[in-house]
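Reading through the structure tokens given below for one structure.
Residue numbers (the numbering used here): 50 to 406.
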């Protein structure tokens, strides 16, 4: 309060000085210029400001107790004011976003793309594509890229192969994968992968900067410069916010769901499944895996209804894809031997997460 009064007095002193100076300037100008009318606009403005300051001083003198309850003063006295009094803090994040989630999902679904058989025109085999996906996991993890960078990179590769009219040979696939990461990083990362890093570290000087630039233009022009398609990771984040309200094992389910959708991107047979359906189905599988580990039932009618409502898919549709994800999880090592990057970088953390429960 003393600080406020002190500042008000300083303001009054400054304004008095300005008013005095303004009066002297107007009088001097009036004497020096005959028959000229001076419109003292600045003078009136200063008087209005002075009246406002005087009004604030009266409020401070007459209503000290009421003014002391105002937010700025309470923040000075108690840093926990916002935490205690802010009504938004009493509402969970899930409740805050629930009102808009269905509209967000609806609009994202209009933009999502389902890719059918992107490899059929090219020399790229499912095994080679899976190795590329596994390598992108390694690169994006090593250079601390955003999770979305990985998902967007794989999506760009599949979309490019789908739309590319000319046949892509095996020797070109590495360049396409590197360039897709380069584009995705520029869209998603705060500090994107630089051309120098691409040339010297990631491609080990096997690719020139000019090759990357030419391929970048080829990818962008083939996709009509439409890069930002919704990925399964974007849908997953929205679903998790809405569904996992009161589940204690939320952290494990979130990490397991991310692990599963990354696992699914290795398999060419799951490419044609829409990202929104793949995301909600991975959550279903994650919850079932969590139930097996903690020996406690989590899935109930309320949870399944919530999953169907937020995703706009029926329970039957979700379960069909969930079964495919579960089969891939069981047979992944047999289908794609030697692909260890995902397991080494994520599965250990999942195990630790369960042990801490």
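By construction, the Cβ of each residue, glycine as well, lies at the ideal position given by its N, Cα and C atoms.
Between residue 367 and residue 313, the beta carbon gap of about 14 Å keeps them out of contact (Cβ cut-off 8 Å). As for any alpha helix (DSSP H) of minimum length 4 sitting wholly inside the region 168 to 209, the runs are 175 to 191, ordered along the chain. The Cβ atoms of residue 323 and residue 196 lie no closer than 8 Å to each other. Between the alpha carbons of residue 257 and residue 248 lies a distance of about 6 Å. One thing to note: residue 188 has its Cβ no nearer than 8 Å to the Cβ of residue 228. Shown here for residue 266: not one same chain residue has a beta carbon closer than 7 Å to its own, the five before and five after excluded. Put simply, of 213, 289, 276 the residue whose alpha carbon is nearest the alpha carbon of residue 233 is 276. The beta carbon of residue 362 lies closer than 7 Å to those of 326, 329 in the same chain, with the five residues before and after it left out. Taking a 10 Å sphere around the C-beta of residue 333, we find 16 or more other C-beta atoms and assign the residue as buried. For the pair of segments examined, the region 205 to 217 was found to touch the region 154 to 168: the number of CB pairs separated by less than 8 Å reaches three. In this structure, DSSP gives residue 362 a state outside helix and strand, which the three-state scheme calls coil. A residue is called buried once 16 or more other Cβ atoms fall within 10 Å of its Cβ, and residue 226 is buried on that count. When the five nearest sequence neighbours on each side are left out, the beta carbons in the same chain lying within less than 8 Å of the beta carbon of residue 396 are those of 308, in order along the chain. 287 is the residue among 287, 245, 181 whose C-alpha sits nearest the C-alpha of residue 156. Separation of residue 364 and residue 341 (C-alpha to C-alpha, rounded to the nearest whole angstrom) is 20 Å.
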